[in-house]
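Going by UniProt numbering, 25 is the number at position 25 of the sequence shown; the sequence numbering is gapless. We put the CB at the ideal spot given by N, CA and C, even for glycine.
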Amino acid sequence: MLGIKLLMLKQRFIDFIEEEDGIGTVEMILILVVLIGLVLIFKSQLTSLVNSIFRQINEKARSVY
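And the structure:
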(Lines of atoms letter the chains of each structure in order from A; the text may use other names.)
(Lines give C-alpha, C1' and ligand atoms only; values in the text may rest on other atoms or scores of the structure.)
Protein backbone atom coordinates (compact mmCIF):
# COMPACT_ATOMS: atom_id res chain seq x y z
CA MET A 1 0.00 0.00 0.00
CA LEU A 2 2.79 2.42 0.92
CA GLY A 3 4.65 1.50 -2.28
CA ILE A 4 1.65 2.45 -4.42
CA LYS A 5 1.30 5.81 -2.64
CA LEU A 6 5.00 6.53 -3.12
CA LEU A 7 4.74 5.62 -6.79
CA MET A 8 1.76 7.94 -7.24
CA LEU A 9 3.56 10.74 -5.40
CA LYS A 10 6.63 10.24 -7.56
CA GLN A 11 4.53 10.39 -10.74
CA ARG A 12 2.79 13.59 -9.59
CA PHE A 13 6.19 15.15 -8.86
CA ILE A 14 7.50 14.15 -12.30
CA ASP A 15 4.37 15.57 -13.95
CA PHE A 16 4.85 18.84 -12.04
CA ILE A 17 8.51 19.12 -13.10
CA GLU A 18 7.74 18.36 -16.75
CA GLU A 19 4.91 20.89 -16.94
CA GLU A 20 5.77 23.52 -19.56
CA ASP A 21 2.94 26.04 -19.23
CA GLY A 22 5.15 28.86 -17.96
CA ILE A 23 4.12 32.42 -17.31
CA GLY A 24 1.90 34.07 -19.85
CA THR A 25 2.21 37.60 -21.16
CA VAL A 26 -0.75 38.88 -19.16
CA GLU A 27 0.65 37.50 -15.92
CA MET A 28 4.05 39.05 -16.63
CA ILE A 29 2.50 42.46 -17.35
CA LEU A 30 0.44 42.30 -14.15
CA ILE A 31 3.52 41.46 -12.09
CA LEU A 32 5.43 44.37 -13.65
CA VAL A 33 2.53 46.78 -13.03
CA VAL A 34 2.37 45.77 -9.37
CA LEU A 35 6.15 46.11 -8.94
CA ILE A 36 6.23 49.53 -10.61
CA GLY A 37 3.31 50.65 -8.45
CA LEU A 38 5.08 49.54 -5.29
CA VAL A 39 8.25 51.35 -6.33
CA LEU A 40 6.30 54.55 -6.99
CA ILE A 41 4.44 54.32 -3.68
CA PHE A 42 7.54 53.59 -1.58
CA LYS A 43 10.06 55.62 -3.60
CA SER A 44 11.24 57.84 -0.75
CA GLN A 45 11.55 54.93 1.70
CA LEU A 46 13.46 52.86 -0.85
CA THR A 47 15.79 55.77 -1.62
CA SER A 48 16.60 56.34 2.04
CA LEU A 49 17.12 52.61 2.59
CA VAL A 50 19.52 52.30 -0.35
CA ASN A 51 21.41 55.43 0.75
CA SER A 52 21.71 54.05 4.27
CA ILE A 53 23.02 50.72 2.99
CA PHE A 54 25.63 52.38 0.76
CA ARG A 55 26.66 54.68 3.62
CA GLN A 56 27.28 51.65 5.82
CA ILE A 57 29.20 49.89 3.05
CA ASN A 58 31.44 52.94 2.60
CA GLU A 59 32.08 53.19 6.37
CA LYS A 60 33.02 49.52 6.58
CA ALA A 61 35.22 49.82 3.49
CA ARG A 62 37.11 52.76 5.06
CA SER A 63 37.78 50.72 8.17
CA VAL A 64 39.34 47.96 6.06
CA TYR A 65 41.72 50.37 4.30
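Secondary structure of Phe42, DSSP reduced to three states: In the structure shown, Phe42 sits in coil (DSSP, three-state: anything other than H, G, I, E or B).
Gly24, enclosing alpha helix (DSSP H) - first and last residue: Going by DSSP, Gly24 is part of no alpha helix (DSSP H) at all; its letter is neither H nor E.
How many angstroms separate the CA atom of Glu19 from the CA atom of Phe13? About 10 Å.
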